[in-house]
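S.K.:
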Amino acid sequence: MADRLDSMSILVAAVDAGSLSAGARQLGLPLATVSRRIADLEYSLGTQLMHRSARGVKLTDPGAAYGAACRRILEEVSEAERIASGEFSVPRGVLTLSTPIVFGRLHVLPCAVGFLQAYPEVELRLEQTDRPISLSEEHVDAAIRIGHLPDSSLRARRVGAVRQVVCASPAYLKKRGRPEKPDDLSAHDCIVFENLMSNERWSFGEGTDKRAVPIRSRLTVNTAEAAIDAAVDGLGVTRVLSYQVAGAVASGQLEILLEKYEPSPWPVSILFRDGLVPRKLRAFIDFAAPRLEKALAG
Numbered sequence: 161m162a163d164r165l166d167s168m169s170i171l172v173a174a175v176d177a178g179s180l181s182a183g184a185r186q187l188g189l190p191l192a193t194v195s196r197r198i199a200d201l202e203y204s205l206g207t208q209l210m211h212r213s214a215r216g217v218k219l220t221d222p223g224a225a226y227g228a229a230c231r232r233i234l235e236e237v238s239e240a241e242r243i244a245s246g247e248f249s250v251p252r253g254v255l256t257l258s259t260p261i262v263f264g265r266l267h268v269l270p271c272a273v274g275f276l277q278a279y280p281e282v283e284l285r286l287e288q289t290d291r292p293i294s295l296s297e298e299h300v301d302a303a304i305r306i307g308h309l310p311d312s313s314l315r316a317r318r319v320g321a322v323r324q325v326v327c328a329s330p331a332y333l334k335k336r337g338r339p340e341k342p343d344d345l346s347a348h349d350c351i352v353f354e355n356l357m358s359n360e361r362w363s364f365g366e367g368t369d370k371r372a373v374p375i376r377s378r379l380t381v382n383t384a385e386a387a388i389d390a391a392v393d394g395l396g397v398t399r400v401l402s403y404q405v406a407g408a409v410a411s412g413q414l415e416i417l418l419e420k421y422e423p424s425p426w427p428v429s430i431l432f433r434d435g436l437v438p439r440k441l442r443a444f445i446d447f448a449a450p451r452l453e454k455a456l457a458g
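Set out below in structure tokens:
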């Protein structure tokens, strides 16, 4: 079993390094040893795990699935060893989290600051990105996700929900009138946050009542902040997520429109891998979840 775990470690190291030679240097092993151990692994499994070329290595489809399983197994073995040695008695180590950009700034960062103050032996790496990430491939301990979750092996702790809201400034509404139904948007200037929706049609309702209405896009941007700023300046009607615009609505800079036509809210969840949960991650979930729930309920 130890030999198999060593071979798994060699495979993962070679993939992460990008080539067998780079993996060998990283592990401090002869290249011939690394090549032979991976070849022996392929022979015992009866399948090719990687394509080798002068440009490096690339996993085959079976190799990608096997490599992901290797990472999980190696992580669980490492965690079991830390439990046995007492390392899990208090939260410590580096914790890597991924979160959407605006949600991270508004809600996750305050939780992170409080968490680090409460747990001085933990270091936190916060990655703010709006692109979907793979926890196993990118070595992330947990991710905040907004939206319905596909079936997967990941575990999820739901912390609330957010709405897709349409809004505009009081000055714009005074000048152009208030849309009372989705079809009225065709007579308005719209500001599109393209990461969230189309710049040609916006969808409203759910199920059999769901329909898309054409809009006139005056401005298309790729950040929620830009869409909100333009709406506050009176350029037109925009559509963003409720937490992104909460401050502007509370201050009276923007007003929510067409509330009864909104689609169902999107869930917000903390995702993490199945199996043994490191003490540092469990401590963060227990610390952050109630605070995020309170923030999203407000």
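In this text, residue positions in the sequence shown follow my numbering: the first is 161, and each later residue adds one.
All C-beta atoms, glycine included, are put in the ideal place defined by N, C-alpha and C.
Using C-beta distances below 8 Å, list every residue in its chain close to C327, excluding the 5 sequence neighbours before and after it, in chain order.
M.R.: Here residue 327 is taken as the residue at index 167 of the sequence shown, counted from 1. Contacts found: A391, V397, T398, R399, V400, V405, A408, V409, L414, E415, I416 and L417.
S.K.: Using the Cβ count rule (16 or more neighbours within 10 Å means buried), how would you classify E281?
M.R.: Position 121 of the sequence shown, counted from the start, is the residue given in the question as residue 281. It is exposed - the Cβ of E281 has fewer than 16 other Cβ atoms within 10 Å.
S.K.: Please find out if some non-hydrogen atom of the ligand HEM comes closer than 6 Å to the beta-carbon of Y421.
M.R.: Only the bare structure without any ligand can be found here, which leaves the ligand HEM out of the picture.
S.K.: Taking the alpha carbon of P427 as the point to measure from, which residue in N382, P330, F364 and I306 has its own alpha carbon closest?
M.R.: Position 267 of the sequence shown, counted from the start, is the residue given in the question as residue 427. Residue I306 is the option with its Cα nearest to P427.
S.K.: With three or more beta-carbon pairs closer than 8 Å as the criterion, would you say the segment 260-276 touches the segment 218-236?
M.R.: no
S.K.: Is the CB-CB distance between G412 and S329 below 7 Å?
M.R.: Counting from 1 along the sequence shown, the entry for residue 412 is found at position 252. Counting from 1 along the sequence shown, the entry for residue 329 is found at position 169. No; because the gap between Cβ atoms is not below 7 Å, this pair is not in contact.
S.K.: Can you check whether the CB of P425 is closer than 7 Å to the CB of A321?
M.R.: Along the sequence shown, one-based indexing puts residue 321 at 161. Along the sequence shown, one-based indexing puts residue 425 at 265. In contact: A321 and P425 (Cβ atoms closer than 7 Å).
S.K.: Looking only at DSSP bridge pairs, what is S429 linked to?
M.R.: Residue numbering aside, residue 429 sits at position 269 when the sequence shown is read from its first letter. According to DSSP, which records beta bridges pairwise, S429 is partnered with R305 and R318.
S.K.: Which first and last residues belong to the beta strand (DSSP E) in which V463 is found?
M.R.: Beyond the ends of the chain as shown, which are 161 and 458, falls residue 463; an answer cannot be given.
S.K.: Quick one: is V254 buried, meaning 16 or more other Cβ sit within 10 Å of its Cβ, or exposed?
M.R.: Position 94 of the sequence shown holds residue 254. Exposed, because fewer than 16 other Cβ atoms sit within 10 Å of the Cβ of V254.
S.K.: Taking contact to mean at least 3 C-beta pairs separated by less than 8 Å, is the segment 341-353 in contact with the segment 370-380?
M.R.: yes
S.K.: So the beta strand (DSSP E) Q186 belongs to, where does it begin and stop?
M.R.: As a working mapping, residue 186 is identified with position 26 in the sequence shown. Element bounds for Q186: not the beta strand (DSSP E) but the alpha helix (DSSP H), L180 to L187.
S.K.: Can you round the beta-carbon distance between L295 and L431 to whole angstroms, since I take them to be within the 8 Å contact cut?
M.R.: Position 135 of the sequence shown holds residue 295. Position 271 of the sequence shown holds residue 431. Indeed, because the Cβ distance is near 7 Å, the residues count as touching under 8 Å.
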